[in-house]
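In the numbering used here, the protein residues as written are 261 to 438.
All C-beta atoms in this analysis are idealised placements derived from N, C-alpha and C, irrespective of residue type, glycine included.
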């Protein structure tokens, strides 16, 4: 049984003339098109980058037939991983095999939210310390307040960067599993 598909394509005359000139080198048009498709398929495999999820409006529904034991396994794993449905567990596993960037489990996302909250609290505490030092500058003699200020600013920037990255990860994962 032949598993090829026959399709009619429309291409500009200039492209067709170019294909015919290549055909003179004993290469069929079908094999050239298949080579081009294979090239782009390989190129897509190398990319494996997450696309901008918010820009992706076209969703496709996919139906999947699995055995009862496979469904039971996915259901148990879903509950362990913080999903309510086996469907979400299957989608999570599929997306983690497709994309280079990791998607996180709901339990992991909850931990990231807690870390983000703690980092923000640390940042607020550092700002309070800087204000206190600014007010007591005259009382402290052997302490270089400027160096300490620079150190705290550096830490604050790093906290802000981490907090922003966590927020990005959380929002991307939230939208992906809805």
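Residues in its own chain within less than 8 Å of residue i by CB, not counting five upstream and five downstream?
i, result
"residue 356", "362, 363"
"residue 268", "none"
"residue 341", "349, 352, 365, 366, 367"
"residue 380", "419, 423"
Got a sec, what are the start and stop residues for the alpha helix (DSSP H) residue i sits in?
i, result
"residue 393", "366–395"
"residue 341", "328–341"
"residue 350", "346–358"
For residue i, count neighbouring C-beta atoms within 10 Å of its own C-beta (all shown protein chains included) and say buried if the count is 16 or more, exposed if not.
i, result
"residue 315", "Because the pLDDT at residue 315 is just 49, under 50, the model does not fix this residue reliably, and the value given afterwards should be weighed accordingly. That one is exposed."
"residue 343", "buried"
"residue 354", "exposed"
"residue 334", "buried"
"residue 346", "buried"
Report all residues from its chain with a CB closer than 7 Å to the CB of residue i; omit the five preceding and five following residues, and keep chain order.
i, result
"residue 415", "386"
"residue 390", "409, 412"
"residue 427", "376"
Exercise. Using 8 Å as the threshold, is the region 367–377 in touch with the region 405–419, meaning 3 or more CB pairs across them?
Worked result: no
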